[in-house]
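First residue of the sequence shown: 2, per the working numbering; consecutive thereafter.
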Amino acid sequence: KLCEGILNILEKDTKTSRQVACLEALRILSRDKKVLVPVTTKRNMQILMRLAKLDTVGDPLDRVSEFPVIVEALKCLCNIIFNSAVAQKLSLELNLAAMLCSLLEKCKDQQFVDDIKCFDLRLLFLLSLLHTDIRSQLRQELQGVQVLTQALESSLSVRWMEEYKAAEDRDRPPLSLQETDCAIEALKALFNVTLDSWNVHSKNESHQFRYMAAILRHCLLTTGPTEDKTEELH
């Protein structure tokens with residue numbers, strides 16, 4: 002009942018501070034699988050998707066004041082999808098992966114969106130891990146390899162010397178914690194999406210995998226903010 006009450010408030014209330022407080026409470030509650038059973042419905046998923054700006058395909062991310070709401074809504078969706086098989090099935094029905102790819106596209110060349118990008122990538126990782134149909138959808142319909150590779154390239158701030166050769170700058174500072182976390186989530190999602198890609202048939206696929214290999218090499222030469230984070234990245 003508490004979760005349902007919170008979601009009812011989120012459906013109607015537009016004040017940012019109350020939305021963030023409600024989402025933080027829901028995020029904590031959503032770690033309990035038993036609590037999720039009565040609230041994992043299409044309507045409730047759509048409420049969270051709306052707050053995460055996953056239902057506004059054409060609208061840019063231009064209101065920084067809304068960013069904390071987007072991040073908390075994405076965190077809630079991560080917990081719910083991880084803990085609920087029903088939510089995983091609803092994600093396919095609601096076309097959640099396509100909306101996440103669209104949101105990732107909006108994050109390009111934007112400031113203050115690292116947290117949004119990171120939890121978007123984490124959600125794509127969870128969906129591609131837990132639902133084989135969504136993994137196939139990402140690979141075949143949504144150009145998931147390209148989308149995720151570009152997200153990884155952006156997180157690592159890759160500069161190119163040649164088509165498949167990244168610039169090596171041994172004096173560059175370590176990645177920030179946020180950049181490292183984004184790169185790690187992109188790598189995890191890429192692993193899932195490319196898991197069954199042993200046979201590369203088209204010229205475009207060949208280009209995509211050579212491009213990805215160059216970025217992965219660059220990744221191995223990159224350091225994170227701490228030794229542990231560098232190890233996790235590699």
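Yeah, the Cβ is synthetic: ideal placement off N, Cα and C, and Gly gets one too.
Keep in mind the model is a prediction, meaning the values are calculated, not measured.
Along the chain, where does the alpha helix (DSSP H) containing residue i start, and where does it finish?
i	result
Gln-89	86-94
Asp-229	228-234
Cys-108	No alpha helix (DSSP H) holds Cys-108; DSSP gives it neither H nor E.
Thr-17	17-30
Leu-3	3-13
Val-36	34-37
Leu-55	Segment: none, Leu-55 is in no alpha helix (DSSP H) and carries neither H nor E.
How would you call residue i, buried or exposed, if buried means at least 16 neighbouring beta carbons within 10 angstroms?
i	result
Glu-186	buried
Phe-120	buried
Val-65	exposed
His-219	buried
Glu-154	buried
Met-162	exposed
Ser-156	buried
Asn-9	exposed
Ser-85	buried
Arg-1	There is no way to answer for residue 1, as the model of the chain reaches only from 2 to 235.
Ile-29	exposed
Thr-41	buried
Val-38	exposed
Gln-20	buried
Ala-168	exposed
Gly-145	buried
Ser-31	buried
Residue i: beta carbon under 7 angstroms from a heavy atom of the ligand PLP?
i	result
Lys-166	Among the components of this structure there are no ligands whatsoever, and the ligand PLP is therefore not found.
Round the Cβ separation of residue i and residue j to the nearest angstrom and send it over; I've been treating them as touching at under 8 angstroms.
i	j	result
Asn-193	Phe-126	7 angstroms
Leu-24	Glu-73	4 angstroms
Leu-191	Lys-230	Actually they are not in contact, since the Cβ atoms of Leu-191 and Lys-230 sit about 18 angstroms apart, beyond 8 angstroms.
Ile-117	Ile-81	About 18 angstroms separates the two Cβ atoms, so there is no contact after all.
Thr-224	Pro-175	4 angstroms
Val-148	Leu-105	6 angstroms
Leu-49	Leu-78	5 angstroms
Subject >> 4 or more residues per run - each alpha helix (DSSP H) lying fully within the region 121-208 >> reply: 133-141, 145-157, 178-194
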